[in-house]
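Residue numbering for the sequence shown follows this note's numbering, starting at 1158 and increasing by one per position. Heads up, the thing below is written out as structure tokens.
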Amino acid sequence: MKTTLLTGATSGIGLEAAITLAKEGHRVVMVGRDEAKTRQCVADVKQRSGSANVDSLPCDFTSQASIRALAQAYRAKYDRLDVLVNNAGSVFNERGLTTDGIENTFAVNHLGYFLLTNLLLDLVIKSAPARIVLVASTGHYRGTMDLTDLGFEKGGYSIMGAYGRSKLGNVLMTRALARRLEGKGVTVNALHPGVVATNIWGGAPGWAQPILAALKALFMITPAQGSKTITFLATAPEVEGQSGLYFEKNKVKTPSALARDEALGEQLWRKSAELVGL
Ligand SMILES: NC(=O)c1ccc[n+]([C@@H]2O[C@H](COP(=O)([O-])OP(=O)(O)OC[C@H]3O[C@@H](n4cnc5c(N)ncnc54)[C@H](OP(=O)(O)O)[C@@H]3O)[C@@H](O)[C@H]2O)c1
């Protein structure tokens, strides 16, 4: 039985992906930050998938200690990791710092993926053929990267600027990791799920909420539809052996020029390793 660890599994596209993967026979380990909500989501996934092989582990991705505890708890319980889905993500209206002193968006959306993946990488390699999936965003096309001011300390913070940077980080990380995983039987790919009606929009400013409600009703796809590229990359035989790519609607798409900058990817990798103490 394949074992999948899925972050951000308590809402939106992560919750729907958990249901599909459980239906497809994976043992699914759902990561959540709120104990009661996570318990409820596990029960929901069990019920909607008809599978009993659904479990959970806690983590708050604003804390590196919590991410380390997650990796440790996972290792204590499971001896393989066939699919790692990095999906937990958020937006922050105001600039703020985590307890580790890192800008919230970059910490959760990029360093969260980076630290968890690196802490579990040997287990993924041991489980080969295995897959790593990073939920990025089309927002990465607007992302910029300033390695001397990753957290917008010198100014210029905006909700979408910070989000775009974190998602550009996801695509750069995907490509840098793929280079490191060559020949190891593990693939890593990034994706944009579509514009999906989920709770993530609740983080946008109050004035934007009525507009977002209208957009949700008129144009956004459902979380179940949005989860399809996750499950495609996690399971589809068509993508076996494909790595270091960026997907939208189950198709490879060329990411931004910055995302394709190999030197920048390596610089970000080193900086990220430094920021998480690896
Ligand atoms: N919705 C879109 O249109 C869209 C477009 C492009 C990319 N994405 C990406 O898709 C991914 C999933 O987002 P979604 O749209 O499904 O949004 P969502 O419904 O808000 O789900 C986000 C998930 O991440 C979890 N999460 C957020 N911050 C966390 C933290 N500090 N620690 C632990 N878990 C945390 C949430 O936990 P709680 O349940 O506790 O809140 C939830 O399970 C994100 O990476 C997002 O950037 C979404």
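The C-beta atom is built at its ideal place from N, Cα and C for all residues, glycine as well.
Check	Outcome
Which stretch, first to last residue, makes up the beta strand (DSSP E) that contains Ile1289?	Ala1287 to Val1292
Counting C-beta neighbours from all protein chains within 10 Å, is the total for Arg1322 16 or more, i.e. buried, or is it exposed?	buried
Report all residues from its chain with a CB closer than 8 angstroms to the CB of Pro1362; omit the five preceding and five following residues, and keep chain order.	Asn1250 and Ile1316
DSSP on Met1377, reduced to helix/strand/coil?	coil
Grab me the residues of Ala1391's own chain with a C-beta within less than 7 angstroms of its C-beta, minus the 5 sequence neighbours each way, in chain order.	Thr1161, Leu1178, Val1240, Val1242, Arg1288 and Val1290
When DSSP labels each residue in this structure, what does Tyr1320 get in the three-state scheme?	helix
As a quick exercise: from Ala1365, Thr1344 and Gly1422, pick the residue whose alpha carbon is nearest that of Ala1393.	Thr1344
I'd like to know if the region 1248 to 1263 and the region 1294 to 1303 are in contact, where contact means that at least 3 CB-CB pairs between them fall below 8 angstroms.	no
Is DSSP giving Pro1394 helix, strand or coil here?	helix
Since Gly1401 contacts Thr1331 with CB under 8 angstroms, what's their CB separation in whole angstroms?	6 angstroms
Check whether the Cβ atoms of Ala1228 and Leu1277 lie closer than 8 angstroms to each other.	yes
Can you tell me whether DSSP reads Thr1167 as helix, strand or coil?	coil
Kindly indicate which residue of Val1353, Val1202 and Thr1388 has the alpha-carbon position closest to the one of Gly1169.	Val1353
May I ask which residues mark the beginning and end of the beta strand (DSSP E) holding Tyr1403?	Tyr1403 to Glu1405
Measure the beta-carbon distance from Ala1264 to Thr1219 and round it to whole angstroms, keeping in mind my assumption that it falls under 8 angstroms.	6 angstroms
Quick check: the region 1365 to 1372 against the region 1420 to 1433, are there 3 or more CB pairs under 8 angstroms?	no
Between which two residues does the beta strand (DSSP E) holding Asp1239 run?	Asp1239 -> no beta strand (DSSP E), and no H or E assigned at all.
Just the Cα atoms here: how many angstroms apart are Asp1418 and Glu1260?	23 angstroms
Can you tell me where the beta strand (DSSP E) with Arg1427 in it begins and where it stops?	From DSSP, Arg1427 is part of no beta strand (DSSP E) but of the alpha helix (DSSP H) over Glu1419 to Val1433.
For the beta strand (DSSP E) containing Arg1184, list its first residue and its last residue.	Arg1184 to Gly1189
Does the region 1204 to 1218 touch the region 1179 to 1195, meaning 3 or more C-beta pairs lie closer than 8 angstroms?	yes
State buried or exposed for Trp1364, treating a residue as buried only when at least 16 other CB atoms are found within 10 Å of its CB.	exposed
Bridge partners of Lys1203, per DSSP?	Note: Lys1203 sits in no beta bridge, so no partner.
For Leu1254 and Lys1408, I'd like the C-alpha separation in whole angstroms.	36 angstroms
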